[in-house]
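Residue numbers (my numbering): 1 to 193. Every residue gets a Cβ at the ideal spot worked out from N, C-alpha and C, and that includes glycine.
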Amino acid sequence: MKIAIATKNSGKLKEFQQLAKNTNFELIPIPESISELPPETGKTFYENALIKAKFISNALEIPAIGDDSGLEVDALNGGPGIYSARYSESGEDKDNCLKLLKNMTGLESEFRDARFKCCLVGFFEGKIIKSFGALEGRISEGFKGDKGFGYDPIFITQNGMHLAELEKEEKNAISHRSLAFRELLKDLSKLTN
Ligand code: ITT
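See the structure below:
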């Protein structure tokens with residue numbers, strides 16, 4: 001079964017395609033002709049993931065999955081949260097990381113706790129299914145690693161590695177996105193059987 005992944009983020013797309021290997025689902029990117037997703041006007045990860053999934057499912061007339069995700073930092077009262085992609089002025093991964101490091105300057109490691117959150121919404125012929133995943137860790141004081149995307153170079157997992165040091169299979173074994181995806185697959189399989 002073909003499912004569109006309602007994202008313009010190539011880092012997310014690669015992770016999904018890896019996650020869907022050995023499943024009955026073929027995850028396809030959105031076509032170049034769709035240059036932008038609608039504005040993320042929701043107040044929660046769920047609302048924004050639904051906006052993306054519904055828009056792409058309606059546009060392509062096939063089922064779609066939307067992913068809204070981000071980083072919640074305790075010292076920033078849960079920010080940047082749903083604003084993670086728009087945290088710095090440019091919205092570029094490197095600038096977002098630099099701004100976060102700057103805003104946490106001088107904080108000792110016990111005050112640097114953070115977690116990635118991911119909400120996935122599947123939109124299937126008008127039916128909505130949703131799932132969530134989280135990955136606990138803390139924000140480092142500098143960049144390390146060249147894999148992954150987004151905030152991966154400044155996020156330290158509970159085994160002490162920066163996420164950007166992990167191979168994609170290693171990240172997928174623990175990530176917020178993979179946890180949410182595995183949950184979604186269970187519901188999806190029920191819907192499609
Ligand atoms: P789409 O809306 O097109 O899917 P986006 O990058 O704008 O792409 P979001 O609005 O969900 O997606 O923003 C997610 C932000 O959180 C963005 O800055 C990502 O880099 C970051 N993020 C999410 N998952 C991440 C992960 O696994 N590793 C590192 N950063 C992540």
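Close beta carbons around residue i, own chain, < 7 Å, minus the five adjacent residues each side
i, result
"R138", "S109, R112, D113, A114, I156"
"N172", "E15, Q18, L19, S178"
"F194", "The structure shown does not extend to residue 194, since the chain is modelled only from 1 to 193, so the question has no answer here."
"E136", "R115, Q158"
"P39", "none"
"A59", "I34"
Exposed unless 16 or more other CB atoms sit within 10 angstroms - verdict on residue i
i, result
"S33", "exposed"
"K127", "exposed"
"Y151", "buried"
"Y83", "exposed"
"G160", "exposed"
"M104", "buried"
"S35", "exposed"
"S90", "exposed"
"G148", "buried"
"G106", "exposed"
"G142", "exposed"
"S140", "buried"
Whole-Å CB distance - residue i paired with residue j, under 8 Å assumed
i, j, result
"F116", "H162", "Not a contact, Cβ separation roughly 13 Å."
"L37", "F55", "6 Å"
"I129", "L184", "6 Å"
"D74", "F45", "Contact flag wrong, Cβ pair sits at about 17 Å."
"I154", "C97", "5 Å"
"E165", "G145", "4 Å"
Residues near residue i in its chain [Cβ-Cβ closer than 6 Å; skip 5 each side]
i, result
"G66", "A6, A49, K52, A53, V121"
"F181", "L19"
"G81", "G70, E72"
"D95", "S88"
"S131", "L120, A180, E183, L184"
Neighbourhood of residue i by C-beta distance below 8 Å, restricted to the same chain and skipping five residues each side
i, result
"K43", "I82"
For the stretch 34 to 88, list the beta strand (DSSP E) runs that are entirely contained and at least 3 residues long, ordered along the chain.
64 to 73
What residue ranges within the stretch 99 to 149 form continuous beta strand (DSSP E) runs of no fewer than 3 residues, ordered along the chain?
113 to 124, 127 to 139
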